[in-house]
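Participant: Take 1313 as the starting number for the sequence shown in this note's numbering and just add one per residue. Cβ atoms here follow ideal geometry from the backbone N, Cα and C, with glycine treated the same way. From a predicted model like this one, the values you see are computed outputs, not experimental measurements. Quick one: this structure, given as structure tokens, is what I'll be asking you about.
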Amino acid sequence: MKAKIEGIGAAIDAINAKKIVIPFESEAAARIDEIKEKLDSLTKSNAALTVNTAELEVAKTKAEELLQKLNELIQIGKISIDIEAPNL
């Protein structure tokens, strides 16, 4: 995805620097459509990476319940474990 962003940025920079000369209007339209397609593809990729916060909250709650139950078992002497949970 980083490569896509860099590729789009390079294309835009090249156009802005007038390194790309487009002699015909149809070619310009095709180039604009190509850049638009790349941007749309990038937007769709980002949408696929969006985390559903409701699902994340459910997972967090279940993890906290599990840790609580493990702590209860440790306290009554049923089990002995070391729990490493960074960022909790």
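Taking only the alpha-carbon atoms, compute the straight-line gap between residue 1366 and residue 1375 and give it to the nearest angstrom.
Facilitator: If I take the Cα positions, the gap works out to 14 Å.
Participant: With a cut-off of 8 Å on the beta carbons, I'd call residue 1347 and residue 1323 a contact; round off their distance for me.
Facilitator: Contact holds; Cβ gap of about 6 Å.
Participant: Report yes if the CB atom of residue 1388 is closer than 9 Å to the CB atom of residue 1354, and no otherwise.
Facilitator: No.
Participant: Tell me, to the nearest whole angstrom, how far the beta carbon of residue 1320 is from that of residue 1350; I am working on the premise that it is less than 8 Å.
Facilitator: Right, the Cβ-Cβ distance comes to about 5 Å (below 8 Å), so this counts as a contact.
Participant: How is residue 1383 classed by DSSP in three states: helix, strand or coil?
Facilitator: Note: residue 1383 maps to helix in three-state DSSP.
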